[in-house]
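Numbered per this note's numbering, the sequence shown spans residues 3 to 130.
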Amino acid sequence: MKPHEDWLIKAEHDLLSSKKLFAGDDPILDTAVYHTQQCAEKSLKAYLAYYGKPVIRTHDLNELVNQCADIDPDFGVLHDLVDELNPYSTLFRYPGDLLIPEYSDVEIAIEFAAKVMSFVTEKIKKHD
């Protein structure tokens with residue numbers, strides 16, 4: 003399996019995890035929203051890996067979008083989506099002022115993560 007495919011599998015697993023944690027009568031919202039950020043991060047890293055670019059150790063989705071936009075300027079359209087997802091890498095992972103996100107925020111985050119992953123996979127498919 004190619005490195006970018008490994009990243010996409012991990013991204014898909016994060017998206018599926020977020021959906022499962024969100025579903026049901028007893029959702030685990032803080033962990034669900036964390037996995038949405040991880041899905042977007044790994045999707046963007048898949049694109050970089052596809053082009054043989056170094057996959058840097060960062061959780062900053064805007065930085066990753068900028069790196070992808072250096073390859074394909076279309077990636078700039080993702081900034082609004084990743085601006086919403088970016089804080090979820092740490093915001094609810096540790097005790098602090100906010101322990102649990104709003105249900106509606108998690109719902110939106112899942113939608114945005116899915117859009118980022120879909121955007122990346124479509125770009126890769128078009129190039130193959």
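Cβ coordinates follow ideal geometry from the N, Cα and C atoms, glycine included. Note that this is a predicted model, so its numbers are computed, not measured.
How long is the line joining the alpha carbons of Lys125 and Pro29, rounded to whole angstroms? Taking the sequence shown and counting its residues from 1, one reaches residue 125 at position 123. Taking the sequence shown and counting its residues from 1, one reaches residue 29 at position 27. Their backbone Cα atoms lie some 33 Å apart in a straight line.
Take the Cβ of Asp16 as the centre, count every other Cβ of all protein chains shown within 10 Å, and call the residue buried at 16 or more, exposed below. Residue mapping note: residue 16 aligns to position 14 of the sequence shown, counting from 1. Asp16 should be labelled buried.
Cβ pair Cys70, Met119 closer than 7 Å: For the purposes of this step, residue 70 is taken as residue 68 along the sequence shown, with counting starting at 1. For the purposes of this step, residue 119 is taken as residue 117 along the sequence shown, with counting starting at 1. Result no, Cβ atoms of Cys70 and Met119 do not sit closer than 7 Å.
Measure from the alpha carbon of Thr38 to the alpha carbon of each residue in Tyr49, Lys128, Pro103, then state which is nearest. Along the sequence shown, read from residue 1 onward, the residue named residue 38 stands at position 36. It is Pro103.
Would you say the region 17-27 touches the region 55-74, given that touching needs at least three Cβ pairs under 8 Å? no
Can you list, in chain order, the residues of its chain with a C-beta nearer than 6 Å to that of Asn68? Leave out the 5 residues immediately preceding and following it. The residue given as residue 68 occupies position 66 in the sequence shown. Hits under 6 Å: none found.
For Leu66 versus Leu80, is the C-beta spacing smaller than 7 Å? If you number the sequence shown from 1, residue 66 lands on position 64. If you number the sequence shown from 1, residue 80 lands on position 78. Cβ atoms of Leu66 and Leu80: not closer than 7 Å.
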